[in-house]
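Novice: This structure is in structure tokens; I'll ask about it shortly.
Residue numbers (my numbering), protein chains in the order written: chain A, 225 to 419; chain B, 9 to 667.
What follows is the structure, given as structure tokens:
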């Protein structure tokens, strides 16, 4: 089997590991939490980084009127289907198709990936801005607008007494690796076709 | 010029004088137990840092067990054991009332004496602490996972459980000998007929290695002496247990004189492996008794009492080889076995010397029948035949000896108020330091085990007088911390204690801290009245009993408005703390309750009874500052007149729960 083919197959199959490993992690640090509390975001669910973390995050957040972290989301239904579809497509292309299709798969996955990140951003925005009007604690920005509690999409940010960290996890790294492999597969395929 | 030379000479003389003074000053300082120069540094545990050792210090007449850190002397927690504790609701809540149950009914107080940490292969293992209650004879087991009292076992046929709660080297047994001999079974008889008629029971309580559950296995019915202290054999002497006795005179009045007449009392050497053989051979009698066995279930968060009705009794006169007496001068108190198991140190509390027996010599004397008569059929071994040596005139009134890992022994002297360090085998005194004042027991972490951690020694003093800021006629007792890592003991720290620090047990922190539980898992909560979510909250009337099923979570109760309760009702608040975060307990108190408050740990369910006597609307609130909205964590319960037609209702924010 050609090297490019193997890489395409492995690369697209790596996406399956998104069902095993978390994609993203948000961790909150505060003086009262010497052991930070956090959540791991999978394509199918959001779970505690340590037991009961989400309950404890929700408890903190309800004071400022934030909604609980969802256990059900449309994304949890769509993302797995998209990933499965892309894996099947990637494997089909790997087995049957011309190497040029590798690039097509890569670009499609890239678009879907960016769309996914944008969706994540939108959720974070709503999560941080859609506050209960009866919240016990209401903070204002210097300009008088209500303070929002949107966690960063990527990086570290101070939100009141909490330092929020938002970074990719194993699933995302494997996803990037898989995508990179398919792109490299395209270039190697290109080289192989010239021989 | 001449005067300059002379002045310089004088200055030099003066300088050398000061230097000499300084030197001798330092020496005096050490001899007087003055502070080590950098003492503050050596006991300073920086903010956020941990102590090196846990010390479990008996609360004495407080009935509780205190937990300190060493070397800082900081008090972390007081674990309620034998006395009710309204702060935590211990002994007041419906779940914990059973912990105070005895054959004499509900006993709200106890006199806690000797904590001992469980052992495996003669080394501290940090599973449980056992502690005895002297007044209404009991033994408690405290879990070192939850730092709560898990179990309390009443000891029948005992009348002052002082010789307790020491464990064997694999925690096979915990022992309980009686300080006061009494008629057994109890009966109406003249006190003056004590001699020969009163008996002293020594109990062996089997410990289940998995659960820690105690089970009264058997008793040895001993002569009517007073049994004082005990320690297990270890290593080569494993299988034996040694008990000091006093009042071998069998006096029943003015004991301070009449129990101090015999030149020697005894250390009773009990061969418990032999006892097991006799039990197996059926050489016991079964005696009817009645004793309470209280167990706190970790899953139901509820204590229950079961009743023991019989006990197997061995009569030492009919069981040769079971018990021997080792003559020991002057009403011995401490009975301490060194880490090798060879030496049994008897501290004659009215003596000026310390008597040390040899296990090897004891076995040889038994073999060769070197007896000096018997007492009630128990052979008395010849004093000279078992004596290993005597520490001659180390001080006055030796009480208790602990050991380091280097063959040194440390004995407390009550009368001369000092700690004396001496060498095992040579019996030579190496050092002495005064304590302030009148030391009872002392403690070296692991000092009663095969593996002592001989870095610190804690002296527990009965009298403090001028040591701390005065607080009226009643002042605290104290502990004093010595560094014993060098040749000479160095005083580092004084710290006050709760109650009377009779005795203590210490253990390296790393053996316990990782196991310390953070929360009670809600999913493991099997309390019959637990509710696992707010929507399950309800109020149910059963005749004149009203059961309130309530949850607490930051920062509200659910329900928090309750109506339909009447004067004369008995209100049961069954409250579940839904928190699953470390260190977020909530409290509960209701106005005018003739009971206590509750302090409920995350995941736990506890029940408090309130009997409202007045019509009105009465508040209840959280007593433990839990959150930014703690002050808002409150609710109301409406009390209507008897036979009122106000219906039962329970709401949160205007909504009925569960809808």
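By construction, the Cβ of each residue, glycine as well, lies at the ideal position given by its N, Cα and C atoms.
Could you give the DSSP three-state label for residue 530/B: helix, strand or coil?
Specialist: In this structure, residue 530/B counts as helix in the three-state DSSP scheme.
Novice: Using a Cβ-Cβ cut-off of 6 angstroms (strictly less than) and excluding sequence neighbours within five positions of residue 415/B, which residues of its own chain qualify?
Specialist: Here the set comprises 432.
Novice: Any C-beta of chain B sitting closer than 7 angstroms to the C-beta of residue 264/A?
Specialist: With 7 angstroms as the cut-off, residue 264/A does not count as an interface residue toward chain B.
Novice: Is the shortest distance between the beta-carbon of residue 240/A and the beta-carbons of chain B less than 7 angstroms?
Specialist: So no, residue 240/A is outside the interface.
Novice: Would you verify that the beta carbon of residue 360/A is, or is not, closer than 7 angstroms to some beta carbon of chain B?
Specialist: By this cut-off, residue 360/A is an interface position.
Novice: Residue 192/B: which of 319/B, 361/B and 592/B sits nearest, CA to CA?
Specialist: That would be 319/B, whose Cα lies nearest to the Cα of residue 192/B.
Novice: So, under 8 angstroms CB-CB, residue 53/B and residue 77/B are touching, yes? Tell me the CB distance rounded to an integer number of Å.
Specialist: Yes, residue 53/B and residue 77/B are in contact; Cβ-Cβ is about 7 angstroms, under 8 angstroms.
Novice: Can you give me the C-alpha to C-alpha distance between residue 63/B and residue 72/B, rounded to a whole angstrom?
Specialist: Those two C-alpha atoms are separated by around 14 angstroms.
Novice: Along the chain, where does the beta strand (DSSP E) containing residue 497/B start, and where does it finish?
Specialist: Premise fails: residue 497/B is in no beta strand (DSSP E) and is neither H nor E.
Novice: Taking the DSSP output, what are the residues bridged to residue 89/B?
Specialist: None, per the DSSP bridge assignment.
Novice: Throw me the rounded Cβ distance for the residue 325/B and residue 384/B pair, which I believe falls under 8 angstroms.
Specialist: Sure, about 6 angstroms apart at Cβ, within 8 angstroms.
Novice: Any C-beta of chain A sitting closer than 7 angstroms to the C-beta of residue 195/B?
Specialist: False, the Cβ-Cβ gap to chain A never drops below 7 angstroms.
Novice: Checking 7 angstroms against the spacing of the C-beta atoms, do residue 452/B and residue 438/B come in under that value?
Specialist: Not a contact, by the Cβ cut-off of 7 angstroms.
Novice: May I ask you to list, following chain order, the residues of the region 283-294 of chain A that have a beta carbon less than 9 angstroms from some beta carbon of chain B?
Specialist: Listed in sequence order: 283, 284, 286 and 287.
Novice: Closer than 7 angstroms between beta carbons: that is the criterion. Which residues of the region 585-596 of chain B meet it against chain A?
Specialist: Against chain A - using a Cβ distance shorter than 7 angstroms - the residues of the region 585-596 of chain B are 588 and 589.
Novice: Please identify the residue among 141/B, 259/B and 460/B whose C-alpha is closest to the C-alpha of residue 70/B.
Specialist: Closest option to residue 70/B, Cα to Cα, is 141/B.
Novice: How many angstroms separate the CA atom of residue 283/A from the CA atom of residue 518/B?
Specialist: Going by the C-alpha atoms only, they are around 32 angstroms apart.
Novice: Roughly how many angstroms separate the alpha carbons of residue 516/B and residue 354/B, rounded to a whole number?
Specialist: The straight-line gap from Cα to Cα measures roughly 27 angstroms.
Novice: Considering just the uninterrupted stretch of the alpha helix (DSSP H) at residue 237/A, what are its terminal residues?
Specialist: Note, residue 237/A: alpha helix (DSSP H), 227-237.
Novice: Does residue 612/B have its Cβ less than 7 angstroms from a Cβ in chain A?
Specialist: No, no contact with chain A.
Novice: At the level of alpha carbons, what is the spacing between residue 66/B and residue 138/B?
Specialist: C-alpha separation (whole angstroms): 11 angstroms.
Novice: Could you pull out every residue in the same chain whose Cβ sits closer than 6 angstroms to the Cβ of residue 35/B, ignoring the five residues on either side in sequence?
Specialist: Confidence at residue 35/B is low in this model, with a pLDDT of 40, below 50, so the placement of that residue is unreliable and no value is reported for it.
Novice: Over what stretch of residues does the alpha helix (DSSP H) that includes residue 406/A continue unbroken?
Specialist: That run of the alpha helix (DSSP H) goes 394-418.
Novice: Report the option in 525/B, 577/B and 365/B whose CA atom is closest to the CA atom of residue 553/B.
Specialist: Of the candidates 525/B, 577/B and 365/B, the one whose C-alpha sits nearest the C-alpha of residue 553/B is 577/B.
Novice: Measuring alpha carbon to alpha carbon, tell me which residue in 448/B, 183/B and 203/B is nearest residue 249/B.
Specialist: Nearest of 448/B, 183/B and 203/B to residue 249/B, Cα basis: 183/B.
Novice: So is residue 324/A in contact with chain B if we call contact Cβ pairs under 7 angstroms?
Specialist: No, no contact with chain B.
Novice: Would you list, in chain order, the members of the region 634-658 of chain B that have their beta-carbon closer than 9 angstroms to a beta-carbon of chain A?
Specialist: Under the 9 angstroms Cβ criterion, the region 634-658 of chain B contributes 635, 636, 637 and 640.
Novice: My output table needs one value for residue 694/B: the three-state DSSP class, helix, strand or coil.
Specialist: Absent from the model: residue 694/B. The displayed extent of chain B is 9 to 667, so no value can be given.
Novice: So which residues of chain B does residue 438/A contact, with C-beta pairs closer than 8 angstroms?
Specialist: No information on residue 438/A is available, as it lies outside the stretch 225 to 419 that chain A covers here.
Novice: Quick check on DSSP: helix, strand or coil for residue 84/B?
Specialist: Of the three classes helix, strand and coil, the one that applies to residue 84/B here is strand, per DSSP.
Novice: Would you mind giving the Cβ-Cβ distance between residue 336/B and residue 272/B, rounded to the nearest angstrom? I have them listed as a contact below 8 angstroms.
Specialist: Rounded, the Cβ-Cβ distance is 6 angstroms, consistent with contact.
Novice: What is the rounded straight-line gap between the Cα of residue 393/A and the Cα of residue 248/A?
Specialist: Residue 393/A and residue 248/A: Cα-Cα distance of roughly 5 angstroms.
Novice: Starting from residue 265/B and walking both ways along the alpha helix (DSSP H), at which residues does that stretch end?
Specialist: Per DSSP, residue 265/B belongs to the alpha helix (DSSP H) from 263-266.
Novice: Helix, strand or coil for residue 522/B, going by three-state DSSP, please let me know.
Specialist: Residue 522/B falls in the helix class under three-state DSSP.
Novice: If you measure beta-carbon to beta-carbon, which residues of the region 558-571 of chain B are closer than 9 angstroms to chain A?
Specialist: Those would be 561, 562 and 563, in chain order.
Novice: Within 7 angstroms (strictly less), CB to CB, does residue 365/A reach chain B?
Specialist: Answer no: the Cβ-Cβ gap between residue 365/A and chain B never drops below 7 angstroms.
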